[in-house]
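Q: Before I ask anything, here is the structure I am working with.
Number of protein chains: 6
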Amino acid sequence: MINMAKRIAAFGEVMMRLQVPGYELLSQASSLHYTFSGTGVNISSALARFGHTGYLISRLPSNAVGDAAEAYLRKLGVNSSMITRGGNYVGMYFLENGFGARPSRVTYSNRQESSFNTAPENTYNFAEIAKDIDIIHFCGITLAMNDQVRRHMKALAKEVKACGGIVVFDCNYRPAHWGEGGYAKAKPHYEDMLQLADIVMMNEKDAMYILGMQTDQTERQEQLMELIPAVADKYQIAVIAGTHRHINNDNTHSLRGFIYKNQAFTFSNLLTFSIYDRIGAGDAYTSGIVHGEIQGFSPEKTVGFAAAAGMLAHTIVGDTPMSSESDILRAMTEAVGDVER
Amino acid sequence: MINMAKRIAAFGEVMMRLQVPGYELLSQASSLHYTFSGTGVNISSALARFGHTGYLISRLPSNAVGDAAEAYLRKLGVNSSMITRGGNYVGMYFLENGFGARPSRVTYSNRQESSFNTAPENTYNFAEIAKDIDIIHFCGITLAMNDQVRRHMKALAKEVKACGGIVVFDCNYRPAHWGEGGYAKAKPHYEDMLQLADIVMMNEKDAMYILGMQTDQTERQEQLMELIPAVADKYQIAVIAGTHRHINNDNTHSLRGFIYKNQAFTFSNLLTFSIYDRIGAGDAYTSGIVHGEIQGFSPEKTVGFAAAAGMLAHTIVGDTPMSSESDILRAMTEAVGDVER
Amino acid sequence: MINMAKRIAAFGEVMMRLQVPGYELLSQASSLHYTFSGTGVNISSALARFGHTGYLISRLPSNAVGDAAEAYLRKLGVNSSMITRGGNYVGMYFLENGFGARPSRVTYSNRQESSFNTAPENTYNFAEIAKDIDIIHFCGITLAMNDQVRRHMKALAKEVKACGGIVVFDCNYRPAHWGEGGYAKAKPHYEDMLQLADIVMMNEKDAMYILGMQTDQTERQEQLMELIPAVADKYQIAVIAGTHRHINNDNTHSLRGFIYKNQAFTFSNLLTFSIYDRIGAGDAYTSGIVHGEIQGFSPEKTVGFAAAAGMLAHTIVGDTPMSSESDILRAMTEAVGDVER
Amino acid sequence: MINMAKRIAAFGEVMMRLQVPGYELLSQASSLHYTFSGTGVNISSALARFGHTGYLISRLPSNAVGDAAEAYLRKLGVNSSMITRGGNYVGMYFLENGFGARPSRVTYSNRQESSFNTAPENTYNFAEIAKDIDIIHFCGITLAMNDQVRRHMKALAKEVKACGGIVVFDCNYRPAHWGEGGYAKAKPHYEDMLQLADIVMMNEKDAMYILGMQTDQTERQEQLMELIPAVADKYQIAVIAGTHRHINNDNTHSLRGFIYKNQAFTFSNLLTFSIYDRIGAGDAYTSGIVHGEIQGFSPEKTVGFAAAAGMLAHTIVGDTPMSSESDILRAMTEAVGDVER
Amino acid sequence: MINMAKRIAAFGEVMMRLQVPGYELLSQASSLHYTFSGTGVNISSALARFGHTGYLISRLPSNAVGDAAEAYLRKLGVNSSMITRGGNYVGMYFLENGFGARPSRVTYSNRQESSFNTAPENTYNFAEIAKDIDIIHFCGITLAMNDQVRRHMKALAKEVKACGGIVVFDCNYRPAHWGEGGYAKAKPHYEDMLQLADIVMMNEKDAMYILGMQTDQTERQEQLMELIPAVADKYQIAVIAGTHRHINNDNTHSLRGFIYKNQAFTFSNLLTFSIYDRIGAGDAYTSGIVHGEIQGFSPEKTVGFAAAAGMLAHTIVGDTPMSSESDILRAMTEAVGDVER
Amino acid sequence: MINMAKRIAAFGEVMMRLQVPGYELLSQASSLHYTFSGTGVNISSALARFGHTGYLISRLPSNAVGDAAEAYLRKLGVNSSMITRGGNYVGMYFLENGFGARPSRVTYSNRQESSFNTAPENTYNFAEIAKDIDIIHFCGITLAMNDQVRRHMKALAKEVKACGGIVVFDCNYRPAHWGEGGYAKAKPHYEDMLQLADIVMMNEKDAMYILGMQTDQTERQEQLMELIPAVADKYQIAVIAGTHRHINNDNTHSLRGFIYKNQAFTFSNLLTFSIYDRIGAGDAYTSGIVHGEIQGFSPEKTVGFAAAAGMLAHTIVGDTPMSSESDILRAMTEAVGDVER
């Protein structure tokens, strides 16, 4: 479907991640490690690492925090030329690492006042942007922010479509962001995005909870195989991909990816692995799917590549994937080995 | 005037200070050192260190950041039993240390949404609090926040007055917080506080800029000696104290403290010293004045103690003074010495 | 038996823990992470975190180390108003973290000269203290120190009993502290404490080795079920609780808690979990038992709560438990989950 | 002369700087802070920070060190699209910070085998590069490397000249790199570069030692004023600029900049300041001169801007200047101030 | 065969190990932990820790890096009196720690120019050295360096033999160092060393690949049992020892050691363990074999001791073993235990 | 007098220095940097760095702390073969760095129970030691410890004298160690040592306060010039050397060294310098005097070398001097320069 497209943009907020080093709690420690990430950052960085140009469309304040964020994104390989400056704040979250029976804990600072979430109507020149890119990526976290942000998203998606570009949408529903009665509030906005999207990241839970679709199946796998084709059909989506994740008793995770395309499902092997950093690994999977589609990989290779990209992202410090295409291809074929020297 | 009072409360916001270690900029570094402070924190901690009970009256969120803040305040010696929990956020600021010709730089996160600044009307039981304390401290930074916070301040000041307590007010005008036309906006609120206050921290600039008082004098010292008695007289203030600070070419600072009481000025020696951490040193001076008044020190001893407390606070890491009464008394009398062992 | 009691004190030494970060040995590294702990600290902090007032009765030197210790205890939530100052030293231990087949290693500095262990006869006003508390906690490590410390312990236990308070005693026998012929030397002192105690932490090994009780049973479980009722009967102890721990080949530990009360045993589920920090986890179990008794939990809930508290304490950095009641209740009911955000 | 030019490239090696933190020696410490720098990096980064596009023309290995270098340069704002990959090594140097009477110490690893210094003949497409840039910067350190590197330099300078671009050359003679009989060996190569250059950084010592020019003057200032016009005349150089630096007894440095242009000298004020990091400050001065020329500043403003840029670079961690145009303009006009908040 | 020999030297290069702390990549982090190691360092340090005198015969530059290396070796217990100074560089490698599915990665700096690898012919006084030692150790990594180094090795081996000393040779073939057609290039040099050696570390792969020996067996164990006796016979080697290592799916390793001596194989138990630091563990095994031979342990004890030494070395930070003889003897007999206190 | 002697031993305690990094107090920080030092360590390390063999005669425990201490001493260049193992503890002190007006603060742990201070009578084989060394160094801190240590000191001094060795004694009186009535208690022990000593470190204050000598002079310089010759004469001391130190208002120190030998005083220049680490700098001065005497330097060169060694030691991290002979000779002749590269 897609072939060798090169210019990819992601629209989304840049978050400052303030992580307690090691396993102390915020009330025990005295220092924080900071990085800048966000779904859009992760996607554009990962695709830049695969050899494409990865833009981020976002808004940062003109102060020391905004400068630090932009420098960090450039270090990640993100092309920052579509970032505008204005507003006053960067959204932040604190991360305390869990260990074994104690889960990791995220505490947000007030995000609604961020430069991104308070961007006024004509902040971005979407018409210009749409001409300069081949693919645009959005996610459900952004969709949850506020009406103005949702207007930005939809306007940009339409411009890209109008210019012949590809729209990728990751459903990524976060209950905390939609609040009470969230699914009902979210549904029309998700439907708008699905109607505009060519590639969608989701699984059967999104179909059931967000879109309110029904099934008599009780097993996840059967639910998936019944509902995803229905979604693809209803919203005319070329590619739907996603994962099933299981957390094992020994703290390893098991992950199986799927891709639904041309009326057919393809599944990756079930991968089981240890976790260093859970956050952002879903974005690595998405970037693998997008890259596979761009390169014209077979569905088998695409879903295997995406699953391995996701697995490796769990072994990387920070939210943002750092693996090259060759790292991932090697992880698809080799057993865990000894030191590389 | 005051004698051996023991229970002191400060009303004010707890800020999370996120400091880049060493001399890197936020766009160079990757870790932050965090502490919790604020004028109220500094005052109540300093007075606790002098042997009094130092309460903080404030509001913190019921999350990991609020827990960390409260634990940190207890470590500083602050009695946290008058802190209420609610709201969602703690105000934060980033600090990049300056060096020589490059000044330190502070970048705030959005403070208006903090738990303290969004505390609704009946958050605090001021009637109860007023019974349990002898002295209450307020500052001009808090006064700049918003109308609700100002209502809290004035209500508390009145309750303490009504119970026979002492009101301390530090003018501490910060232009950035009042914005355009700030002095005009600030003046009526400052006047309300001055009318309620027994001990006021200010100097001639506050009289001229905030209160709009006029003088024909052109030298700071003469302006001070003309205007401070006028302020004391107009607002019926028992004690007015403050400092004159000069930044020398070799990056040392020179500081002289004054106290005006019983129609007479008393000045400290001019102290010249190196600076490790500038922030919060004014609060050390205030705590020295309050302690001198509590203990019934002579004006000479009070102003010398306060100036030495201020000087030592510049040599301490972080916003909050850490010197004991004996540390300060020794600094008043001795030259800088060799290692203490 | 006990109900909603609120003021709990622990009597014991404050130790400075000097830990090599990561997995280096003391002869490889150059920095140490320091904290202050001890059984009494852990118990009073854990119970303060559950909503009670947790006092520590101890003695610290009037120097920089004593100041640091007291500040640290306050940060942990310990009420320091029953700590006296005097003597010259704080006991210290160095901790080198083990990894896999290499066990962790503890090296003590000279502890007998500590402020706590050299406290002279009238250091503490036990009559006053006994009036202000509902529960007092002691442990076998303190009992091993020296005759003067043992006199303090027994005098305090008697005062609390006389005022109607509850005495908790954790047998916690450490062979290194009693030296040669240790059990024989220890027995009479343990018997004195057991006669004063209402709640005792121990298991069948303590009964056999310290108290010299005999059994024909060869399995731990049967030994436990024969000997613990005999101990309860002989010393008239209302509640006896403890754990059986097993170290698995994959370095996980398995733990099952028991409580014996009203002539009946109740056991927790067998919990199997990864270990971050082994030290102090037994104190978390004790604090769970005490809290369950205070709150009037059923034996099932008490022993489950204590076991989960113990499990979580193994996932926390440092000796001292940091989990809230709600953290523990959630760990009792939920599987290990994904990031909390 | 030059006006609003925007695309600037620097040709030079990327060095890995491995710095012992604080003031320990390499034989005392166990960790190093690493960054990537070099004269070309510093120049292109500084000019990017002033709003231009700053390219680096260099060669890095295709391995983890080369990846780290390129990411770091992007973070500094350097456009990395003209960097080629090949060879095996990055040049490195160890830096031990001096203190007071003890000077800083630099120890190089073997630099001749670096990717940059072993770049074969057709590594760079200079014809293409010359079309895409307005200004090219070279320095004497690069000139000292080896014959192949010198051939690259001269070929690139000629291409840029041929395309109408501006050539900047910083004499920057390092005795250690030229070895025995260095000046004689260096002279013809310096002359080649001077003949190609439009803007040259040097002072009277370079004229005397490298170019072998003679003067009867004995004072630096008179030597400068006699020799620089002679150099400008002989090699037809439009702008010559440089500094005189003096190290004071109190470890501050004093710096005065000059610019010689249109047959006239202009001098900056003498700036005296404390030093945080000495290395790379000369490059900040150069970038100020180039920026002033680009913007069409008056000579007074250009030399003042360059001197202030140099002064601020001494206050910044690392080799590479981090100040914005507005930071520098403010430093030109204001006294050292208090915290910016 | 050997008995209570005490003076052991190893001939080999000192490498500077520059390790990224934690699990970040070189392109994410900003600091490195540095140590100095190498096979010779590991062997001489390990044997010094067992009570022998462990010399290193090597060459280091007379600069800050050489000083740091020598200080570090002394700290490890290596006797540095046989180290000569000269040349300019120390070989270095960067280490990025792997996690789970992501392997560790080593990146070398240019090693051929190191002081050791450029040591001219008469650098070492081998005749003197041979008189002062009882045992000399070499390894295949050194043999791969260059012709001059190989001449040093063989000359030293012959001198030691001539003085009646014992020669230990560890085959340790590293494909990256020999390059294309490596086995053919390596074979004659290996044969020279095997003819001089008394104790050899190798397994069946070395026999097949380096020495080109053939077998019809397809299982590792049978290949080993057929080929090792053939090697011992052909080259007249008294002791051959080595290991079989298997990497399990859960990232643990399993290791079984063997020793072939007096026409008989002896095998250790299969040890399965978690890995903290993989590098250098083989040297711990070698040092265990050498120590066992020196002490006259039975083959069972020797191979068990060596395997336990190897296992413990995997739990130690850095390349160099840190376990004492008593640590290893305890690990041979005990299950993993609780904290040692 | 002395010439090219090579084997120097120092007798003294090894202390563990636990330093708070940066400028935080022990009650603010959470980590410590640890090193091992002591006057004897400093002297033997400094002389080893000058090319001699530097032994330490001391006693360390057989545990992890003792192992770390010995490894650290070897790293410093100290020959550890005269260190015995036994006892249980290493003496420790905590160091909080002062800043400007706030002095550094040292807090000791209990030192009397250290392995060194509890060494029983036949711990050391002084007869053997005396044969193997040319020079022995003692200091007044050791003399203050206890009777057993004093017996060791005097026995060793006598053995060395008997074997024709040189005895160095540094008076180094520390009031805190002698307690009340200290001078009277100390005097006979000092006299014993002075009678045995060939080279003594002291100044006029030691003569007046410890030895009770009287003078009518009121200026330090005149007191010195009257009393030192009297001491030399009375106790038959060949060389007496020492310093006058003055702490300036800008926190720099000024130091002038003197040496009295052959009835003549020689003084160094007055050196004024910034201080990084005050502790141990006196030992650097002593090591310079001893080295000058060994090498047969002129008194001018010896005192200049010692003063420069002392100055440089103030710029070094930690107690122990790290400068080579060439570093010191350069510091004697050059002004502070720019980076060495």
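Chains as they are written, first to last, in the numbering used here: chain A, 1 to 341; chain B, 342 to 682; chain C, 683 to 1023; chain D, 1024 to 1364; chain E, 1365 to 1705; chain F, 1706 to 2046. Even for Gly, the Cβ is constructed at its ideal location relative to N, Cα and C.
1) How about PHE258/A and ALA241/A: are their beta carbons less than 8 Å apart?
2) For the alpha helix (DSSP H) containing TYR1777/F, name the first residue and the last one.
3) Mapping the DSSP letters down to three states, classify ARG1922/F as helix, strand or coil.
4) Mind pulling the chain F residues with CB within less than 9 Å of MET774/C?
5) Measuring alpha carbon to alpha carbon, tell me which of GLN489/B, ASP539/B and LYS546/B ends up nearest PRO516/B.
6) Are any of the Cβ atoms in chain D nearer than 8 Å to that of MET1379/E?
7) For LEU56/A, which residues does DSSP report across the bridge?
8) Tell me the rounded alpha-carbon separation between VAL1865/F and PHE1874/F.
9) Taking only the alpha-carbon atoms, compute the straight-line gap between ILE1840/F and PHE1755/F and give it to the nearest angstrom.
10) Pop quiz: ASN269/A and HIS244/A are said to be a contact at Cβ under 8 Å. What is the actual Cβ separation, rounded to whole angstroms?
11) If GLY1305/D sits next to SER1060/D, beta carbons under 8 Å apart, how far is it from one beta carbon to the other, in whole angstroms?
12) Starting from TYR260/A, follow its DSSP beta bridges and name the residues at the other end.
13) Mind checking which residues open and close the beta strand (DSSP E) that includes GLY1455/E?
14) Measure the Cβ-Cβ separation of MET534/B and PHE606/B and say whether it is below 8 Å.
15) Measuring CB atoms only, is the segment 734-749 of chain C touching the segment 1787-1795 of chain F, in the sense that at least three cross pairs come out at less than 8 Å?
16) Might you give, ordered along the chain, the residues of its own chain that have their beta carbon closer than 7 Å to the beta carbon of GLU358/A, omitting 5 neighbours on each side?
17) Between which residues of its own chain and PHE457/B is the CB-CB distance below 6 Å, once the five residues before and five after are set aside?
18) Roughly how many angstroms lie between the CA atoms of GLU1434/E and SER1444/E, to the nearest whole one?
19) Grouping DSSP H, G and I as helix and E and B as strand, with all else coil, what is PRO2004/F?
20) Is the number of C-beta pairs between the segment 653-671 of chain B and the segment 569-578 of chain B that are closer than 8 Å three or more?
21) Shorter than 8 Å from the beta carbon of ARG1779/F to some beta carbon of chain E?
22) Would you call the segment 1454-1463 of chain E in contact with the segment 1509-1516 of chain E, where contact means no fewer than 3 C-beta pairs closer than 8 Å?
23) Counting only C-beta atoms, is TYR1196/D closer than 8 Å to chain F at any point?
24) Closer than 7 Å by beta-carbon distance: list the chain B residues that pair up with GLU1729/F, in chain order.
25) Cutting at 7 Å between CB atoms, please list the residues of its own chain near THR661/B, excluding the five before and the five after it.
A: Let me spell this out:
1) yes
2) 1769-1780
3) Reading off the sequence, residue 1922/F comes out as Gln, not Arg. Coil.
4) MET1797 and SER1814
5) LYS546/B
6) no
7) ALA10/A
8) 13 Å
9) 15 Å
10) Between HIS244/A and ASN269/A the Cβ distance is about 12 Å, and since that is not below 8 Å, they are no contact.
11) Actually they do not touch by this definition, with Cβ atoms about 12 Å apart.
12) ILE240/A and PHE265/A
13) 1455-1460
14) no
15) no
16) In this structure chain A extends from 1 to 341, so residue 358/A is not present and cannot be described.
17) GLU354, SER399 and ARG400
18) 7 Å
19) helix
20) no
21) yes
22) no
23) no
24) VAL658
25) SER378, VAL382, ASN383, SER386, LEU417 and GLY621
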